[in-house]
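First comes the structure, then the notes that go with it.
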Amino acid sequence: MSVDSRTLSVTKYQCFCAMMAALGSVNFGWNIGVINIPGDVISNCVTGEKHYNGPFPSCIPTESTIWGVAVGCFAIGALIGTIAGNPISDKFGRKFVLTWGPLLALVGGVLLSTTTSLGQLIVGRLFVGFAAGFCNGALSVYVGEITTPKARDILGGTLQLATNVGILLANAVSLGLAKPPLWRILFGITGVIGVATTLLFPICVESPKWLVSHGRVEEARAALIKLRKGADIEQELQDMVDDDAKAQARAEEAPKVNVMDLILGHTPDNLRHQFIVVCMLMFFQQMSGINAVIFYSTQIFNRTTKDDPSQIPTTAQILSCVISIVAAIFTFVGMLLGARFGRRTLMLLSHGTMALFSMLMAVGSIKGIDGLVITMVFLYNVFFNFGVGPLPWAAAAEMTPAYAMSAMAAIGGAVNYLFTFAIGVYFSPMQEAMGDYTFFFFMGFNIAAFVFCFFFLPETKGLKAEDVVAVHSVGFHCVLGSRYQIRASKDNDDISKTEYA
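Okay, structure coming up:
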């Protein structure tokens, strides 16, 4: 007798599809990290006076605040892409977005690699950001929809893992290509990654949940057969059909839930709690200070190592590359820990330790303890990738009914990218103004995030989104009461049964 597909953990094909989808997020990470190491070379001309190689200048001298705008414009493009990708993902499918969206990065790559002015650089960053945001919302939804609850515990962090792999690759390659005119090659590689994604992703299946929601049940059956490696998929498919029927029945008055419907609360279920939690998790992810470290780690280390920035690669640049290696490794570790300890526990651990490390980073800077600063930057990245990095992206898929999932992912992504832009623009001037006290600012936000997660973040480990919705669709509330505790049935043969404490 075949095993019930709902009891499966990760299968090879589930993992393969998640990894192929995540190529778009590798590109996202590439474009976050690619600006870090060559930043001083491009904006401050640290390798020598500006000169020309044919029509292309060796650098683009830029004041720090304006450079911050150029760095942060990537996030504005991602925000626009997220909003644009939501209705397209719902209408044409997750596979359509994840296949063709990355091709937009080719346009940005051409603009960036041939840039002759700050304006062209900004437009190029907007284009590659749009491509990244267009795909990222669909990725988190796609992974949530192709995986079983047990597999989702592990693969839910795919987006953050892929992002960190992209940052790692960008930093590693930058060590050899940061000098003029080679930094232009760095900017062009994003187009190559985009084309590769468009060529490779068509071999993956469409989301079975999306297929069911569009009446294509037989195609959903075929997709599940491939995703579940010979297990009995009939009951899982029936669950999808039943859940979709229930969602359609609840959504009769609002058959199409878009971003504005979700913001205004015009949804069949009361999703106010889920809406606030997703937005706040994304807000706190950025205000934790991680992108200050990612965008400007080389600057932070330069203040400590005091190397000559023209001698590439500097110690600071090498340390930035090592940080990205550590981040990628511990994102994977965090994915495994999420399957064991649950989302809520890891979010509390992550924000709590980051508050401590922010304080120690500031103290180390004030007291001139260089080793403490470097150690805290590394630990900051490690514990970010246990929880605050991957889990907010998984939250929308794990707490939201299928009819509102794309809209929730779009809103969460928009909040994330808006504050990514803010950090990219304002961190450098803030560091100049606050000096060694800068990371006390982020310590405060991590403490606030810890308190928020303690009172309002529900545990979703191993649970179906429909079960979480059934319990928490009662308006914004504290989740500590016993009525909000959900636990999976002890009957492993039927994980669709859910018990409420």
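Numbering (this note's numbering), first residue to last: 106 to 606. Ideal Cβ positions, reconstructed from N, Cα and C, are used throughout, including at glycine.
Measure the CB-CB distance between residue 495 and residue 436 and report whether it falls below 9 Å.
In the sequence shown, the residue the question calls residue 495 occupies position 390. In the sequence shown, the residue the question calls residue 436 occupies position 331. Yes, Cβ-Cβ distance for residue 495 and residue 436 is below 9 Å.
Is it buried or exposed, residue 168, if we count other Cβ atoms within 10 angstroms and call 16 or more buried?
Against the sequence shown, residue 168 aligns to sequence position 63. When all chains shown are included, residue 168 counts as exposed.
Length of the line joining the Cα atoms of residue 474 and residue 420:
On the sequence shown, position 369 is the one that residue 474 refers to. On the sequence shown, position 315 is the one that residue 420 refers to. Roughly 17 Å separates the two Cα atoms.
Alpha helix (DSSP H) runs wholly inside the region 266–339, at least 4 long, in chain order
288–305, 313–318, 322–332
Residue 579 by DSSP, collapsed to three states: which one?
Numbered from 1 along the sequence shown, position 474 holds the residue referred to as residue 579. If DSSP states are grouped into helix, strand and coil, residue 579 belongs with the strands.
Top-ranked residue by Cα proximity to residue 335, from 580, 109, 562
Locating residue 335 in the sequence shown gives position 230, counting from the first residue. Among 580, 109, 562, the Cα nearest to that of residue 335 is on 109.
Could you spell out the range, first to last residue, of the alpha helix (DSSP H) harbouring residue 534?
The residue labelled residue 534 in the question sits at position 429 within the sequence shown. First-last of the alpha helix (DSSP H) with residue 534: 510–539.
Measure the C-alpha to C-alpha separation of residue 499 and residue 385 and round it to an integer number of angstroms.
On the sequence shown, residue 499 is found 394 positions in, with the first residue counted as 1. On the sequence shown, residue 385 is found 280 positions in, with the first residue counted as 1. One C-alpha to the other measures close to 14 Å.
Is the region 306–323 close to the region 214–234, with three or more CB pairs under 8 Å?
no
Can you tell me whether residue 264 is buried or exposed? The criterion is at least 16 other CB atoms within 10 Å of its CB, across all chains shown.
By 1-based counting over the sequence shown, the position of residue 264 is 159. With 16 or more other Cβ atoms within 10 Å, it is buried.
With 16 as the cutoff for other CB atoms within 10 Å, does residue 504 come out buried or exposed?
Here the question's residue 504 lines up with position 399 in the sequence shown. That one is buried.
Sorted by chain position, which residues of the same chain lie with C-beta nearer than 8 Å to residue 117's C-beta, five sequence neighbours on each side aside?
Within the sequence shown, residue 117 is the residue found at index 12, counting from 1. Answer for residue 117: 334, listed in chain order.
Quick test of your reading: residue 201 and residue 389, contact by CB under 8 Å. State the CB separation rounded to the nearest angstrom.
Locating residue 201 in the sequence shown gives position 96, counting from the first residue. Locating residue 389 in the sequence shown gives position 284, counting from the first residue. Wrong, their Cβ atoms sit about 32 Å apart, outside the cutoff.
Taking residue 455 as part of the alpha helix (DSSP H), name the residues at either end of that continuous run.
In the sequence shown, counting from the first residue as 1, residue 455 sits at position 350. Per DSSP, residue 455 belongs to the alpha helix (DSSP H) from 448–472.
Kindly identify the DSSP beta-bridge partner or partners of residue 158.
Mapped onto the sequence shown, residue 158 falls at position 53. Bridge partners of residue 158: 161.
Residue range of the alpha helix (DSSP H) that includes residue 222
Locating residue 222 in the sequence shown gives position 117, counting from the first residue. Neither: residue 222 is in no alpha helix (DSSP H) and is coded neither H nor E.
Cβ pair count under 8 Å reaching 3, the region 424–442 against the region 533–544:
no
Secondary structure of residue 374, DSSP reduced to three states
Taking the sequence shown and counting its residues from 1, the one referred to as residue 374 is at position 269. It is coil, neither helix nor strand.
Straight-line gap, residue 545 to residue 457 (C-alpha atoms, nearest Å):
The residue given as residue 545 occupies position 440 in the sequence shown. The residue given as residue 457 occupies position 352 in the sequence shown. Between residue 545 and residue 457, the C-alpha separation is close to 14 Å.
Would you check if there are 3 or more beta carbon pairs closer than 8 Å linking the region 335–355 to the region 117–137?
no
Between which two residues does the alpha helix (DSSP H) harbouring residue 192 extend?
Reading the sequence shown from its first residue, position 87 is the one you call residue 192. Its alpha helix (DSSP H) spans residues 169–197.
Cβ-Cβ separation, residue 491 to residue 442 (assumed contact under 8 Å), whole Å:
On the sequence shown, residue 442 is found 337 positions in, with the first residue counted as 1. On the sequence shown, residue 491 is found 386 positions in, with the first residue counted as 1. Going by Cβ atoms, the distance from residue 442 to residue 491 rounds to 6 Å, so yes, they are a contact pair.
For residue 563 versus residue 584, is the C-beta distance shorter than 9 Å?
Within the sequence shown, residue 563 is the residue found at index 458, counting from 1. Within the sequence shown, residue 584 is the residue found at index 479, counting from 1. A contact, by the Cβ cut-off of 9 Å.
Using the Cβ count rule (16 or more neighbours within 10 Å means buried), how would you classify residue 176?
Locating residue 176 in the sequence shown gives position 71, where the first residue counts as 1. Answer is buried; the Cβ neighbour count reaches 16.
Ordered along the chain, which non-local residues of its own chain (more than five positions away) have a Cβ less than 7 Å from that of residue 72?
Nothing can be reported for residue 72, as the shown portion of the chain is limited to 106 through 606.
So what does residue 347 bridge to, in DSSP terms?
Along the sequence shown, one-based indexing puts residue 347 at 242. Answer is none; residue 347 lacks a bridge partner.
Alpha helix (DSSP H) containing residue 145: first to last residue?
As a working mapping, residue 145 is identified with position 40 in the sequence shown. Note, residue 145: alpha helix (DSSP H), 144–148.
Could you pull out every residue in the same chain whose Cβ sits closer than 8 Å to the Cβ of residue 377, ignoring the five residues on either side in sequence?
In the sequence shown, residue 377 corresponds to position 272, counting from 1. Excluding sequence neighbours, residue 377 sits near 370, 580, 581.
Between which two residues does the alpha helix (DSSP H) carrying residue 216 extend?
Indexing the sequence shown from 1 puts residue 216 at position 111. Element bounds for residue 216: 209–218.
Taking 8 Å as the threshold, find out whether the region 242–256 comes into contact with the region 511–520 through three or more Cβ pairs.
yes
Can you grab the Cα-Cα spacing for the pair residue 111 / residue 253, in whole Å?
As a working mapping, residue 111 is identified with position 6 in the sequence shown. As a working mapping, residue 253 is identified with position 148 in the sequence shown. So the alpha carbons of these two residues sit roughly 6 Å apart.
Over the uninterrupted alpha helix (DSSP H) stretch that includes residue 117, give me the two end residues.
Taking the sequence shown and counting its residues from 1, one reaches residue 117 at position 12. Note, residue 117: alpha helix (DSSP H), 117–126.
Based on Cα-Cα distance, which residue from 541, 194, 241, 365 lies nearest to residue 132?
Here residue 132 is taken as the residue at index 27 of the sequence shown, counted from 1. Of the listed residues, the one whose Cα sits closest to residue 132 is 241.
Grouping DSSP H, G and I as helix and E and B as strand, with all else coil, what is residue 604?
For the purposes of this step, residue 604 is taken as the residue at position 499 of the sequence shown. With a pLDDT of only 38 at residue 604, under the threshold of 50, the placement of this residue in the model should not be trusted, and no figure is reported.
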